[in-house]
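Q: Residue numbers (UniProt numbering): 1 to 257. Even for Gly, the Cβ is constructed at its ideal location relative to N, Cα and C. None of these values were measured; they are calculated from a predicted model.
1) Under a CB-based cut-off of 8 Å, is residue 184 close to chain C?
2) Who pairs with residue 81 in a beta bridge, going by DSSP?
3) With contact counted as at least three CB pairs below 8 Å, one residue from each stretch, are the segment 207 to 225 and the segment 68 to 81 in contact?
4) Per DSSP, what kind of secondary structure is residue 130 in: helix, strand or coil?
5) Is it right to say residue 85 is buried, meaning 16 or more other beta carbons lie within 10 angstroms of its own, or is it exposed?
6) Pull up the distance between the alpha-carbon of residue 208 and that of residue 234, whole angstroms please.
7) Do three or more CB pairs link the segment 235 to 243 to the segment 90 to 109 at distances below 8 Å?
8) Tell me whether residue 198 counts as near the ligand SAM, meaning its Cβ is closer than 7 Å to at least one heavy atom of that ligand.
9) Per DSSP, what kind of secondary structure is residue 104 in: helix, strand or coil?
10) In whole angstroms, what is the alpha-carbon distance linking residue 11 and residue 137?
11) Run through DSSP, which three-state label would residue 33 get?
12) Is residue 181 closer than 8 Å to residue 205 when the C-beta atoms are compared?
13) Please determine if the segment 98 to 106 and the segment 244 to 256 are in contact, where contact requires at least 3 C-beta pairs separated by less than 8 Å.
14) Apart from the five residues on each side of it in sequence, which residues of its chain come closer than 7 Å, Cβ to Cβ, to residue 33?
15) Who pairs with residue 139 in a beta bridge, going by DSSP?
16) Is residue 47 helix, strand or coil when you go by DSSP?
17) What does the Cβ neighbour count give for residue 95, buried or exposed, with the cut at 16 atoms within 10 Å?
18) Rounding to the nearest angstrom, what Cα-Cα distance links residue 242 and residue 221 in this structure?
19) Mind checking which residues open and close the alpha helix (DSSP H) that includes residue 187?
20) Report back the beta-carbon spacing between residue 104 and residue 90 to the nearest angstrom; my notes put them in contact at under 8 Å.
21) Tell me where the beta strand (DSSP E) around residue 199 begins and ends.
22) Around the C-beta of residue 212, are 16 or more other C-beta atoms found within 10 angstroms, so that it is buried, or is it exposed?
23) Let me confirm a value: residue 88 is counted as buried when at least 16 other C-beta atoms fall within 10 Å, else exposed. Which label applies?
24) Tell me the residue span of the alpha helix (DSSP H) that contains residue 160.
25) Are residue 64 and residue 83 closer than 8 Å when you measure CB to CB?
26) Using CA atoms only, rank isn't needed, just tell me which of 251, 41, 40 and 44 is closest to residue 275.
27) Which residue marks the beginning of the alpha helix (DSSP H) containing residue 118, and which one marks its end?
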């Protein structure tokens, strides 16, 4: 249950692999500079496939991005607020309503999790309050050494995460959508169907670099993700050693009493 509860948060990668790629930048200063440096996206001349490719290429050159949104996986709604970069650094939070949330930190060497009391109570099924009291406020290290947690730790590296973007090669019916706005930025949408038949909508910036700004997916495993703060440097520090507990010990302690 523990690894499933934690690894389910990697559904961000699953959403981004549904036939479109996504990220974005709603920082006004960055958007203004990009608009001055690059031409507008010619949505009339470009095909839907070409617009999508330009968005993916723009994302591939990003050094960092912040992901904010919510998606559904295995009947659970997962909320994400996470900044990641190409150095393996990350920081932010992930949560499941009714099951708590945890802080996620990656310093390029280790990935640390800091679950809140609600999360600890959930994974112990409310049967081990002593463990909850002992572990609360602690960071968990060594997560990346567990094969079951690989998807979660991949989320902490933008280089690895971007490999999943557009990973559903069975996406079909890629068509142009319409002009719009996302977080105040002008966009143009591209629509497609993923392998399960769900509709995916990618919103691409039309001014400056054609960064994707939002991705939406319909259906029971759908959701929405916004991508902001592209190329904003991350400053991440590992937590103090006296606040860290090894993942193997954590798994042993959270077993229901």
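A: Quick answer:
1) The structure shown contains no chain C; it is built from a single protein chain.
2) According to DSSP, which records beta bridges pairwise, residue 81 is partnered with 68 and 93.
3) As far as the Cβ criterion goes, the segment 207 to 225 touches the segment 68 to 81, which means the pair count is three or higher.
4) Residue state for residue 130 is assigned as helix, using DSSP reduced to three classes.
5) Counting Cβ neighbours within 10 Å, residue 85 comes out buried, since at least 16 surround it.
6) About 23 Å.
7) Yes: at least three Cβ pairs fall under 8 Å.
8) What this structure holds is no ligand at all, so the ligand SAM is not there to describe.
9) Collapsing the DSSP output to three states places residue 104 in a strand.
10) Residue confidence is low: residue 11 scores 49 on pLDDT, short of 50, so the model does not pin down where it sits. Its coordinate-derived value is still stated next. So the alpha carbons of these two residues sit roughly 25 Å apart.
11) In this prediction, residue 33 scores a pLDDT of 38, lower than 50, which makes its location untrustworthy; the coordinate-derived value is nonetheless stated afterwards. Here residue 33 sits in helix by DSSP.
12) No; because the gap between Cβ atoms is not below 8 Å, this pair is not in contact.
13) Segments in contact, no.
14) Below a pLDDT of 50, predicted positions are generally treated as unreliable, and residue 33, at 38, falls in that range; no measurement from the model is reported.
15) Per DSSP, 244.
16) Coil.
17) Residue burial annotation: residue 95 is buried, with at least 16 other C-beta atoms found within 10 angstroms of its C-beta.
18) Taking the straight line joining both Cα atoms gives about 39 Å.
19) For residue 187, no alpha helix (DSSP H) run applies; the uninterrupted beta strand (DSSP E) run containing it begins and ends at 185 to 193, by DSSP.
20) That belief holds up - the Cβ atoms of residue 104 and residue 90 are roughly 6 Å apart, short of 8 Å.
21) From DSSP, the beta strand (DSSP E) with residue 199 extends over 199 to 205.
22) Buried.
23) It is buried - the Cβ of residue 88 has at least 16 other Cβ atoms within 10 Å.
24) It spans 158 to 161 - the alpha helix (DSSP H) in which residue 160 sits, taken as one unbroken run.
25) Result yes, Cβ atoms of residue 64 and residue 83 sit closer than 8 Å.
26) The requested residue 275 does not occur in the structure, where the chain is confined to residues 1 to 257.
27) Segment 117 to 123, the alpha helix (DSSP H) holding residue 118.
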